[in-house]
Amino acid sequence: MTDREEGFHYRDGDLYCEDVHIGDLCAKHGTPLYVYSHAALTGQYTALAEAFEGSDPAICYSVKSNSNIAVVRSLARLGAGADIVSGGEMHRALKAGVPPEMLVYAGVGKTDREIGDALAAGILLFNIESVPEAYAIDRVARGMGVTAPVALRVNPDVDAQTHRHTTTGKKGTKFGVDIDRAVSVYKELNELPNLDLCGVHVHLGSPVTTLSAYEVALDRVAALVRSLRDVGIASVRMLNVGGGLGIAYRDETPIDVGEYAACLRRHADDLNCRLILEPGRFISGASGIMCTQVVYRKEAGHKTFIIVDGAMNDLIRPALYDGYHAIRPVVGAGRDTETVDVVGPVCESGDFLAKDRDMERAEQGDVLAVFSAGAYGFVMSSNYNSRPRAAEVLVMGAAASVVRERETVEDLTRGESIPPALLGDG
Ligand SMILES: *Cc1c(COP(=O)(O)O)cnc(C)c1O
1 MTDREEGFHY
11 RDGDLYCEDV
21 HIGDLCAKHG
31 TPLYVYSHAA
41 LTGQYTALAE
51 AFEGSDPAIC
61 YSVKSNSNIA
71 VVRSLARLGA
81 GADIVSGGEM
91 HRALKAGVPP
101 EMLVYAGVGK
111 TDREIGDALA
121 AGILLFNIES
131 VPEAYAIDRV
141 ARGMGVTAPV
151 ALRVNPDVDA
161 QTHRHTTTGK
171 KGTKFGVDID
181 RAVSVYKELN
191 ELPNLDLCGV
201 HVHLGSPVTT
211 LSAYEVALDR
221 VAALVRSLRD
231 VGIASVRMLN
241 VGGGLGIAYR
251 DETPIDVGEY
261 AACLRRHADD
271 LNCRLILEPG
281 RFISGASGIM
291 CTQVVYRKEA
301 GHKTFIIVDG
311 AMNDLIRPAL
321 YDGYHAIRPV
331 VGAGRDTETV
341 DVVGPVCESG
351 DFLAKDRDME
361 RAEQGDVLAV
371 FSAGAYGFVM
381 SSNYNSRPRA
391 AEVLVMGAAA
401 SVVRERETVE
411 DLTRGESIPP
421 ALLGDG
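Start counting the sequence shown at 1; every next residue gets the next number (the numbering used here).
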């Protein structure tokens, strides 16, 4: 791992985000600290957009991967839409300036209220995950006197070879409707007067690193669209191919964006459909790091533990998905290596950032960069162990802006209270 993260690079052993010295930044704002590169975020978005030049896809950034409004805003300014999964994410996307007609709304448990708010906003599309949800959307839309644009999420039964917690395109997951049942479900939903069955949605899971998974899934989806047209359901005009494009956390070879685009365009053109993309990790993943300081070195038995101030509550991917993140010092890199576990202070043995990792020697007080933490990093953080959540900084050139303040201990108890009966001595 050297400087493959666009936006992050070493100069004379010190890490920079664009023109900002990360060591200085951490001295100023403290740790743990998330740092995002605007150039990397927009560079990834632009690479994807350029691969689709000449067609007119809706590139709807998956807000759940990194929902900071400054991040979403950076992409919205370039024309990105947003893929949202809750009323909260819709609020963020609108606040960041994403036009409502560029919003696609997914999620298996949309409530009437969320549906109503999205209809009132005028979103591009609902990704429907089940038949009961379709009935709910139809009912809410009828009550409002509108028609709801919907795409049925189909499960193409393709194993994208992702972690079991993030695979979604195989039979037996809670997502979507089995593709063998899809024609009959479309027929049933076609009877609902306030639905416009304008699309098909498919999302295979994440991260996907083989193009063949998309090929196979899209062949199946194309066959479905043709069957629908054969039975007189001609309204499908959008092909939502979801997200899932992988990045190189370690030594994976990501899918080539040009080949990905060619594959998608071929299928969409054949069907005369508009493409919708929902990239998350591809845009935000390598665009962010988490900085964390070494609190102690601890030798126990034959192991060395590097105990840092960033924990599973700050970055849960290693504990939850066996996620690998490269870790290097932010100043004075290029040292001899040793084999260590990098662990946090939370009272769980699952609280680790790296296990049996060969990495540069880290001393007490050193600050380490945990790379490729821009996606599913801060957004999955919690207050477990009553740890205030980290601050987030967005770098643009030589300017660094705090885009989310570090929480304080007062924030931790906000909204809590002690009932009067418990006040005073027992
Ligand atoms: C999570 C998710 C995405 C984004 O996935 P990435 O791997 O971050 O690209 C897109 N679409 C749906 C439906 C999702 O659930």
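Ideal Cβ positions, reconstructed from N, Cα and C, are used throughout, including at glycine.
Bear in mind that the values here come from a model prediction, so they are computed numbers and not experimental data.
My output table needs one value for residue i: the three-state DSSP class, helix, strand or coil.
i    : result
E5   : At E5, the pLDDT of 43 sits below 50, so the modelled position is not reliable; the number obtained from the coordinates is stated separately. Three-state DSSP puts E5 in coil, outside helix and strand.
T304 : strand
Y384 : helix
Y249 : coil
D358 : strand
L192 : coil
M396 : strand
D117 : helix
P149 : strand
E53  : strand
S37  : strand
V20  : strand
G199 : strand
P329 : strand
R389 : coil
I418 : coil
R237 : coil
Y45  : helix
Y260 : helix
V108 : coil
F378 : helix
D178 : strand
Let me confirm a value: residue i is counted as buried when at least 16 other C-beta atoms fall within 10 Å, else exposed. Which label applies?
i    : result
T292 : buried
R389 : buried
K64  : buried
T31  : buried
H429 : Here the chain covers residues 1 to 426 and nothing more, so residue 429 does not appear.
N272 : exposed
D28  : With the sequence shown as reference, residue 28 is identified as Lys, and Asp is not the correct amino acid for it. Exposed: under 16 other Cβ atoms inside 10 Å.
K110 : buried
R181 : exposed
L78  : exposed
V208 : buried
P420 : exposed
V370 : buried
Identify, in the order they occur along the chain, each residue of the same chain with its Cβ nearer than 6 Å to the Cβ of residue i, setting aside the five sequence neighbours on each side.
i    : result
I22  : L15, V330
C26  : L33, C291, V367
S86  : none
L75  : Y45, Y61
T2   : Reliability of the predicted coordinates at T2 is poor, the pLDDT of 37 falling under 50, and no value is obtained from them.
A39  : G7, E18
F305 : K298, D341, V343
G323 : R317
Keeping to the same chain, check which residues put their C-beta closer than 7 Å to that of residue i; ignore five residues upstream and five downstream.
i    : result
L423 : none
A311 : G344, P345, V346, D351, R387
Y296 : I307, Q364
S67  : E89, R92, V379
R404 : N68, A391, E392
Compare the Cα-Cα distances from residue i to each of the options and report the closest residue.
i    : options                : result
Y61  : T31, N383, L33, L41    : L41
F175 : V154, D159, E188       : V154
A96  : G81, L103, A213, V72   : V72
G7   : A398, A391, V403       : A398
Y36  : A70, F52, D56, E50     : A70
V221 : L275, G54, L119, T210  : L275
A354 : G334, L320, A333, A121 : L320
T147 : G415, V395, G122       : G122
V158 : E50, G107, A182, E215  : E215
G258 : R414, E416, A51        : A51
Starting from residue i and walking both ways along the alpha helix (DSSP H), at which residues does that stretch end?
i    : result
C291 : Here C291 belongs to no alpha helix (DSSP H); instead the beta strand (DSSP E) covers 288 to 300.
I137 : 131 to 144
L224 : 211 to 230
L189 : 182 to 189
G87  : 87 to 95
L320 : 317 to 321
S284 : 281 to 284
I84  : Unbroken run through I84 is the beta strand (DSSP E), 81 to 84; no alpha helix (DSSP H).
L412 : 409 to 413
Assuming residue i is part of the beta strand (DSSP E), what are its boundary residues?
i    : result
S62  : 58 to 62
A400 : 399 to 404
T337 : 337 to 343
V367 : 367 to 370
L103 : 103 to 105
L275 : 274 to 277
Grab me the residues of residue i's own chain with a C-beta within less than 8 Å of its C-beta, minus the 5 sequence neighbours each way, in chain order.
i    : result
N383 : N313, R389, E407, L412
T337 : D358, M359, E360, R361
R4   : Residue placement at R4 is flagged as unreliable, the pLDDT there being 38, under the threshold of 50; the coordinate-derived value follows with that caveat. Cβ within range, chain order: A248, A286.
V131 : V177, V185, E188, L189
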